[in-house]
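Chains as they are written, first to last, in our numbering: chain V, 19 to 285; chain U, 19 to 285; chain D, 19 to 285.
Glycine included, every Cβ here is placed at the ideal spot set by N, Cα and C.
These figures come from a predicted structure and were not determined experimentally.
Have a look at the structure below before the remarks.
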Amino acid sequence: MSIITLTTDFGLKDGNVGAMKGVIWKIAPQTQIADISHLIAPQNITEAALVIYRAARFFPEGTIHVVVVDPGVGTERRPIAGKIGDQFVVGPDNGVFTRMIEAGQQNGQPMHFVHLNRAEFWLKQVSYVFHGRDIFAPVAAYLALGKSLNSLGTPVTDIVRLNLPKSIPTADGLKGEVIHIDHFGNISTSILRQDIGDKHILHVQVKDYLIPDFVNTFGEKPPGSLVCLFGSNDNLLICEVNGNAAQRLNIHLGDIVQVRLENIKKV
Amino acid sequence: MSIITLTTDFGLKDGNVGAMKGVIWKIAPQTQIADISHLIAPQNITEAALVIYRAARFFPEGTIHVVVVDPGVGTERRPIAGKIGDQFVVGPDNGVFTRMIEAGQQNGQPMHFVHLNRAEFWLKQVSYVFHGRDIFAPVAAYLALGKSLNSLGTPVTDIVRLNLPKSIPTADGLKGEVIHIDHFGNISTSILRQDIGDKHILHVQVKDYLIPDFVNTFGEKPPGSLVCLFGSNDNLLICEVNGNAAQRLNIHLGDIVQVRLENIKKV
Amino acid sequence: MSIITLTTDFGLKDGNVGAMKGVIWKIAPQTQIADISHLIAPQNITEAALVIYRAARFFPEGTIHVVVVDPGVGTERRPIAGKIGDQFVVGPDNGVFTRMIEAGQQNGQPMHFVHLNRAEFWLKQVSYVFHGRDIFAPVAAYLALGKSLNSLGTPVTDIVRLNLPKSIPTADGLKGEVIHIDHFGNISTSILRQDIGDKHILHVQVKDYLIPDFVNTFGEKPPGSLVCLFGSNDNLLICEVNGNAAQRLNIHLGDIVQVRLENIKKV
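What follows is the structure, given as structure tokens:
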């Protein structure tokens, strides 16, 4: 039984994701389908790249991840499919798979992409505005049936990649930025556990706020405390215990975060 | 393996849809279940009729579509099930299947309905207020197991139908109304591609706004542009590229839309 | 085919529930997964206890219910699994299963719990902050594969239980409180159908409002009417027909509800 996951900015009220599931099951009835998120902010390719990376790495070998955050639908941007390590991906060639590709390269995984240009694997009528239903869902279903990537399109290597925020060394530590704010208002930054390594965090600053405590988990401090910790994807987080840090500090995507580390000499 | 889809106005937080899935799997464990939407506006039968029509037509033969937008639950309104073309439907007799029936008639599909009046196919205890769980879910599960419609109730032909908005010819074009506003704020109208045919659109007007451009897809114009295009269900849409047209123009369901066409003589 | 249900306060946008599904299917690919709710109010253990109780009782024997509302994640609070009647549960030992346990005891069902302390059934790397993915999802998957509870941990009997609101007899009736407000704004109280029994309700009061009518179902009164009725889980509800009673009356969780009954003498 194959697995297909769906990640879109379609929202949950209009039934468009349902139409994609119908298309998939019409071609590949034995497929299991998991929704990853349909609340990616509209047209936010960067958020989609992060969300699918974080979920995809926990899925079994051969899972097919369809990502449809696609402001260029119906224009010259290419529809693509690919394999990154042991996971398949299907979606627009606009950078949505950048984080998965970066992680694959770091882990030395093989990868291969095709330009989806064989219309016999699409719905017969392809709309200009809903390739999720008309191209990506049927292609994913054919992958679930065991079709090879190369049977679905022409190999390509020049796929689009986003320039995603990283952490940057500073005179006394690291600088990064806010890359995600989750449902709880926890603030995720581009600074990773491995960027800090064994060094000791003196303090973390976002906007004018110095976050007082570094902890392993929320319950170490009383509700209402502002804390830093490493999240479950190894990003440095800024959180309010049982509260909403982003709202309280009025933080937004792209805000600068600075970490001062102990064993780096000040200039 | 049978497929059941669920469309309700129950929202996502209370677990009521989960209870329906439990009921279904207790009777028909092999069933695949797809959520179409649980964010139909409360008691909005017209919206439900549109959403289920748009999704259902992509599902495999024999799929069972349960729709529970049911302000008359527990009153004299009948619970019904039916077959429209090759798709089954289960829900209250209040018009929620009107769009599917209209499309079936246009396509000359056979259809058949029954009044669900055989309580041996319901939960043993039927509440007054949750027929989705107590009647419609178990009936759908028995359909998934292969029970015939006529074994579940008595044939009826006088089922309730809504008078849904269409497009109306005017002196210089067509008049319609806003029938749906999607998650992105795209405005869907009752004017269909086939209503316009080969004629050239001179302009589209909603409230006092003249929409300047007709395009095939969003990416043809820069972000922020107001455009008209045909949506993936062939309705005429009014959209803002990468933006929310309904919010920007303060448009609501039922607002009048006018299309001026070139090759119709002005009176 | 085993069934696992998921109930969390994770929200729907970040993909964390998706990661849990990946973990489950990697271990137990044949599992059906149902989302019960991911919109439990953040850290609201009491709401989770109610929502999972209401849904779980409709699922087939052997279903595994994972509940992750877990403000104490990564602290000394124990991860547990158990069996209540014929349903399995997996989650933090913080009271989330209290309603299921109370109902099981009322029905004389056997129950058994274990402290999950055998790390060979967890992900290899366990984060401090996401035990839903790293402990509870894999444990649920091993239960789905048929592992016994006792193979996953050490039996315990002292699990945490909440002191949930009940109804209390008063001089002329019953006193309870608001325990849930649903998606429609219907107000659910801690007063149960069996608490009232055969007695006649003279009136129901919440805050300063006397609710005029007691009905069986919404459609008995015109839209906009305030009514009382028994909900599909036998709680006394206060509702506005086709409207939002909680918003209209500005009602919140914990507000006091009084019922005056006829055949109890006034003091």
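Under a three-way DSSP split, which group does residue i fall into?
{"i": "U/N253", "result": "strand"}
{"i": "U/H130", "result": "strand"}
{"i": "V/P97", "result": "strand"}
{"i": "U/L182", "result": "coil"}
{"i": "D/V35", "result": "helix"}
{"i": "U/T175", "result": "coil"}
{"i": "V/S169", "result": "helix"}
{"i": "U/D68", "result": "For clarity, residue 68 of chain U is Leu in the given sequence; the question names Asp instead. Helix at U/L68."}
{"i": "U/F248", "result": "strand"}
{"i": "V/V233", "result": "coil"}
{"i": "V/F106", "result": "strand"}
{"i": "D/I199", "result": "strand"}
{"i": "V/E10", "result": "Given that chain V is displayed from residue 19 to residue 285, the structure contains no residue 10 of chain V and the question cannot be resolved."}
{"i": "U/V157", "result": "helix"}
{"i": "D/G40", "result": "helix"}
{"i": "V/G164", "result": "coil"}
{"i": "V/I45", "result": "helix"}
{"i": "V/R266", "result": "helix"}
{"i": "V/N138", "result": "For the sequence presented, residue 138 of chain V should be read as Glu rather than Asn. In this structure, V/E138 counts as helix in the three-state DSSP scheme."}
{"i": "U/D273", "result": "coil"}
{"i": "V/R151", "result": "helix"}
{"i": "D/I214", "result": "helix"}
{"i": "U/A74", "result": "helix"}
{"i": "D/I58", "result": "coil"}
List, in chain order, every chain V residue whose beta-carbon is nearer than 7 Å to that of residue i.
{"i": "U/N234", "result": "G92, Y146"}
{"i": "U/H201", "result": "F28, G29, K31, D32"}
On the DSSP bridge list, what partners appear for residue i?
{"i": "U/R278", "result": "U/G191, U/H221"}
{"i": "U/F115", "result": "Answer is none; U/F115 lacks a bridge partner."}
{"i": "U/H24", "result": "The residue you asked about is not His; residue 24 of chain U is Leu in the sequence shown. The partner list for U/L24 (beta bridge, DSSP) reads U/D53, U/V84."}
{"i": "U/E120", "result": "Paired residues: none, contrary to the question."}
{"i": "D/S208", "result": "Partner(s): none; D/S208 has no beta bridge."}
{"i": "V/L228", "result": "V/Q223"}
{"i": "V/E238", "result": "Answer is none; V/E238 lacks a bridge partner."}
So residue i contacts chain U; which residues on that side make the cut at Cβ distance below 9 Å?
{"i": "D/I13", "result": "Since the first residue shown for chain D is 19 and the last is 285, residue 13 of chain D is missing from the structure and cannot be characterised."}
Residues of chain U with a CB under 7 Å from the CB of residue i: which are they?
{"i": "D/A73", "result": "G33, G36, A37, G40"}
Does any residue of chain C have a CB that is nearer than 9 Å to the CB of residue i?
{"i": "D/T25", "result": "The structure shown contains no chain C; the protein chains it does contain are V, U and D."}
Listing by chain order, which chain D residues have their CB less than 7 Å from the CB of residue i?
{"i": "U/P230", "result": "The contacting residues do not exist; U/P230 stays about 34 Å from chain D at best."}
List the residues of chain V whose Cβ lies closer than 8 Å to the Cβ of residue i, in chain order.
{"i": "U/P78", "result": "G40, W43, K44, P47"}
{"i": "U/G237", "result": "P89, G90, V91, G92, T93, R95"}
Give the interface partners of residue i over in chain D, defined as CB-CB distance under 9 Å, in chain order.
{"i": "V/L210", "result": "Per Cβ cutoff of 9 Å: no residues; V/L210 is ~14 Å from chain D at best."}
So which residues on chain D does residue i lean against when the C-beta distance must stay under 8 Å?
{"i": "V/L247", "result": "Y146, V147"}
Cβ pair count under 8 Å reaching 3, the stretch 247 to 261 of chain U against the stretch 172 to 184 of chain V
no
Please name the residues in the stretch 127 to 160 of chain V whose beta-carbon is closer than 7 Å to at least one beta-carbon of chain D, in chain order.
none
Three CB pairs or more closer than 8 Å across the stretch 57 to 71 of chain U and the stretch 28 to 40 of chain V
The stretch 57 to 71 of chain U and the stretch 28 to 40 of chain V touch, with no fewer than 3 CB-CB distances between them shorter than 8 Å.
Three or more beta-carbon pairs under 8 Å between the stretch 110 to 119 of chain U and the stretch 79 to 95 of chain U, yes or no?
yes
Quick check: the stretch 214 to 224 of chain U against the stretch 43 to 55 of chain V, are at least 3 beta-carbon pairs closer than 8 Å?
no
Which residues, taken in chain order from the stretch 38 to 69 of chain D, show a beta carbon closer than 8 Å to some beta carbon of chain U?
Q50, A52, D53, I54, S55, H56, L57, I58, V69
Do the stretch 184 to 203 of chain V and the stretch 264 to 278 of chain V meet, that is, are 3 or more Cβ pairs less than 8 Å apart?
Short answer: they touch.
At least 3 beta-carbon pairs within less than 8 Å: the stretch 194 to 204 of chain V vs the stretch 243 to 255 of chain V
yes
Short-range partners of chain D found in the stretch 95 to 114 of chain U, where Cβ spacing is below 7 Å
none
Give a yes or no on contact between the stretch 263 to 270 of chain D and the stretch 128 to 146 of chain U, applying the rule of three or more CB pairs nearer than 8 Å.
no
Below 7 Å between beta carbons is the criterion; list the residues of the stretch 249 to 264 of chain U that meet it against any residue of chain V, in chain order.
G249, S250, N260
Evaluate contact between the stretch 175 to 190 of chain D and the stretch 142 to 157 of chain D, counting only Cβ atoms and requiring at least three cross-stretch pairs below 8 Å.
no
At least 3 beta-carbon pairs within less than 8 Å: the stretch 98 to 106 of chain U vs the stretch 78 to 85 of chain U
yes
Of all the residues that make up the stretch 165 to 197 of chain D, which are near chain U by a beta-carbon distance shorter than 7 Å?
Answer in chain order: no residues at all.
Report the residues of the stretch 267 to 283 of chain V with a CB closer than 8 Å to any CB of chain D, ordered along the chain.
none
Using 8 Å as the Cβ pair cut-off and three pairs as the minimum, do the stretch 48 to 57 of chain U and the stretch 19 to 30 of chain U touch?
Yes, they touch.
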